[in-house]
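What follows is a short report on a single structure.
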Amino acid sequence: MQRMFRGAARIAAVAGLAVSGGALVAVPPAIADIGSDMGLLCSGKSGTHDVALRIETTVPSTGTVGQPVQLGTIRIDVGLPPELVRRVSAASPAGASTPPATSVAPSPAPSPALGGVAEIQVAVRGPDGDRRAGWPAFALAAAPPRGDGAVHLTGSGVAPPVVPEAPGELSWSAGAVDLSLVPGDAATGRDAAELALHCAAEKAPVLGSLRVRRGNELTTPGASSAAPRQPTASQGGLCKLIPARGQDPRYAISDDPELAKIFESPENPSGLNFDTGDGLMYCLKATGFFNIKKVGNAAPVAFENNVRALTESYMGNIFFGPNWTDFRGYFINRTYPTPATMLGFGFMPTRAVAEAVQVGSPRAGGAGPITGNMRILQQLSTELDISGPTVDRQQLKASAYVRIKAGKAEVNGVPLNLGSTCMTSPTSLSATGFMGTLRTGTTQYESGQPLIAQNVTIPSFSGCGVTEDLSPILTASVSGAGNYASLESGLWCEVTTGNRCVDGAGALPQTFTVEPGGVVTAVAKPFILGYAGDNAEFRCESATMRLDLERGHWQSRFRLGKGDMSLDGCEVEASDGTVHQVRGEVTQDGSLWLNMTIDAATGRPAMRINGVVLDATVDVGGGARCTLRISHNLGGIFLPGQREVPGLLEGSYDNGTFSMNSHTLKPSGRSTCEIPGFTDFTSVFNSYKGDFVFRPTQRITSP
């Protein structure tokens, strides 16, 4: 029996491997109990139910900037009402005890044959911002009856450590809970129909907190006295100069066919000027999730890149075109130490550590570059109408070879020795970063971008295990195609100048939390566009945006929402004072896109609505009508203001109201109206009003 359990533990451990890196951290000796009793309202196909949740764990009494803070073992107790248990429609055999789930003690008394999994969204809040705590999914098993009428399921697990980057209070808050209940026990691994429930509490309770001190502050008795790892460029050893083009053959653009694919599509047009140089040095940070197909779960992942960009440049001509730039370079990547916890084979809580080690092309036999390739495609200008082909979708492409090296692994705190040589063969990893279109809004590469790597292949493992070969188990459990990574990068730190750097390193990604999300309306009463000192004015009783916002934490600031707009009760006043009525409602041509950022001057959220193109049918007298379009217009060096493109609204967002304080809207060159005051396609309306009130009120915060 013991031998069978050890085998299952090995399988579950390797099934929990993720593309991340790091080491397990011991709990400091000075600890305190934290937790909360929560009342949840859970809903699903079975209806709505009141469920009780208790969370218990321990936390160190103090923390240090740059040093990991490790919670103790997390224990949870889920109290289910009898009617919910009946809906699961399964009962244990009479008089039989339910087999215990992992980390759950055997029940000495009969209890319902019920198990499941609980996933709890927990946020870590600190002076350096909020982040996702990355708590594991908890396998649940029935506990002995307690005489309170409820059926209790219990489970336990270990969360990854948190590394605070600033002094102050660090706290953990619990949020939404997802329950998956099955007849039998979660640890049995039997196939059974599950009952899924999504649960919410009236408010997010604070589970506990601690004080984070600087490394040079006096320590309290029992607290860790280890020297902190300051977040500077030199500490990680990565945010520094790497050799320029031609200085070291190990640092160069690779001609490996697999890595060079990013240069093939889209193909560069003719007429570009080619140049080479030392390039610009950047370092950047990115965080996100790696979805492992075989495990059926996602693990947090973070990395830092050292990039030498613009060593090769292909550029169009601002006067004659094309509107195209292709910047190329190379990079070195390193993953951050982030252990991952998940359910191996869907039922056994597993904690594992791995690292993606960048290597050179396997075709070069160790003689080629060790760097990956990078390509940045941008328009030469997004504000000029330049002739010839143009980059419609601004994007970044990167490709490199990596080997997945497995490190420490444990099941329920029991270490599994994989040895020091457990790794895969090299595999190519390609990612694309979307930097926008004129419709969605564009950004430059230095501003950061979402990164997507699709269909990532994890090769077979070798060299795993000390006393026995565990490589086949890892290969069977983890290796294969169809894996997927989604990340967000922060501002690119320019190493030589310090521009856009934070403490000499790349900034963490800027992400946002949206609550409650869903389909919302944003109404401005009135909405006015005009010219100061002129009677010309386009005014409406109301403008209504309908947006679909996804609820969640750590969302990309780009394309946070999508929707449309309509305007009612509109009229057009010409510069000579003549008023023309608009027939029906004014419509939006194409989709609107909502983007967010943080205003550097105020530190508050700022909102941008991209894709604005308004279309109005205007009565001009005598039964005649014309079309007035309002948008942004691009002009060339020699012929200004001719091509219609979507415009934007931007302003502050506070207490559920978007207050427009800037825009790029003008009368469009595609208008058929010849109304005085609306025939200048080059001048932005310099008088405007529009305060959009969101219903329901949306809490949009960073992160």
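Numbering (mature numbering (1 follows the signal peptide of the UniProt record, and there is no 0)), first residue to last: -25 to -1, 1 to 678. Here a beta-carbon is modelled for each residue, glycine too, at the ideal position from N, C-alpha and C.
Express the C-alpha separation of residue j and residue i in angstroms, rounding to a whole number.
i, j, result
"GLY130", "PHE306", "43 Å"
"LEU145", "LEU185", "5 Å"
"MET398", "ARG303", "30 Å"
"TRP467", "THR32", "38 Å"
"LEU285", "VAL620", "29 Å"
"ALA384", "LEU393", "8 Å"
"GLN419", "GLY411", "9 Å"
"VAL334", "VAL377", "5 Å"
"residue 720", "GLY578", "With the chain covering only -25 through 678, there is no way to say anything about residue 720."
"ASN281", "THR676", "29 Å"
"ALA375", "SER403", "6 Å"
"GLU330", "SER454", "15 Å"
"GLY626", "LEU569", "12 Å"
"VAL99", "ALA108", "6 Å"
"LYS269", "SER452", "7 Å"
"LEU355", "ARG674", "37 Å"
"PRO120", "HIS127", "7 Å"
"ALA576", "GLY41", "27 Å"
"LEU15", "GLY610", "57 Å"
"GLU358", "PHE238", "26 Å"
"SER148", "TRP110", "12 Å"
"VAL53", "LEU426", "37 Å"
"LEU535", "GLY493", "12 Å"
Would you mind working out which of the options sits nearest residue i, comparing C-alpha positions?
i, options, result
"HIS24", "ALA108, ALA175, PRO142, ALA134", "ALA175"
"LEU156", "SER148, LEU170, ASP231", "LEU170"
"residue 684", "ILE584, GLU490, GLY438", "Shown here, the chain extends from -25 to 678; a query on residue 684 therefore has no answer."
"SER245", "PRO297, VAL26, ASP360", "PRO297"
"ASP594", "LEU216, GLY252, LEU172, GLU560", "GLU560"
"THR472", "GLY423, CYS258, VAL554, ALA274", "CYS258"
"GLY183", "SER531, ALA499, ALA141, VAL97", "VAL97"
"ASP523", "VAL40, PRO671, GLY455", "PRO671"
"ALA581", "LYS500, GLY631, LEU46", "GLY631"
"PHE264", "SER531, GLY652, MET256", "SER531"
"LEU102", "GLU140, LEU89, PHE113, ALA134", "Residue identity differs from the one stated: residue 102 is Pro in this sequence, not Leu. Closest option to PRO102, Cα to Cα, is GLU140."
"GLN563", "TRP529, GLY252, ASP543", "ASP543"
"VAL547", "MET256, LEU504, ARG521, ARG526", "LEU504"
Could you pull the start and end residues of the beta strand (DSSP E) that residue i belongs to?
i, result
"residue 685", "Examination of residue 685 is not possible in this model, given that the chain is present from -25 through 678 alone."
"ARG29", "22 to 35"
"VAL593", "589 to 596"
"ASP666", "666 to 670"
"ALA460", "455 to 464"
"PHE409", "402 to 409"
"TRP299", "296 to 310"
"PRO158", "143 to 158"
"PHE487", "486 to 490"
"GLU94", "89 to 101"
"VAL431", "425 to 433"
"PHE533", "From DSSP, PHE533 is part of no beta strand (DSSP E); its letter is neither H nor E."
"ARG189", "No beta strand (DSSP E) contains ARG189, which DSSP labels as neither H nor E."
"PHE613", "That residue, PHE613, is in no beta strand (DSSP E); it is neither H nor E in DSSP."
In the DSSP assignment, find the unbroken alpha helix (DSSP H) run with residue i in it and report its ends.
i, result
"ARG62", "57 to 62"
"ILE448", "446 to 452"
Which partner residues of residue i appear in the DSSP bridge assignment?
i, result
"LEU567", "GLY538"
"ALA381", "ALA329"
"HIS528", "Answer is none; HIS528 lacks a bridge partner."
"LYS260", "GLU279"
"PRO501", "Paired residue(s): none; PRO501 is not in a bridge."
"ASN585", "TRP568, LEU623"
"GLY132", "ILE49"
"SER288", "ASP250, PHE302"
"GLN353", "THR300"
Tell me whether residue i is buried or exposed, calling it buried when 16 or more other Cβ atoms sit within 10 Å of its Cβ.
i, result
"ILE293", "exposed"
"ILE612", "exposed"
"ASN348", "buried"
"LEU483", "buried"
"LEU624", "buried"
"SER637", "exposed"
"VAL489", "buried"
"LEU216", "exposed"
"ALA460", "buried"
"ALA117", "buried"
"residue 724", "What the structure shows of the chain is the stretch from -25 to 678, and residue 724 is not part of that stretch, so it cannot be assessed."
"PHE667", "buried"
"GLY665", "buried"
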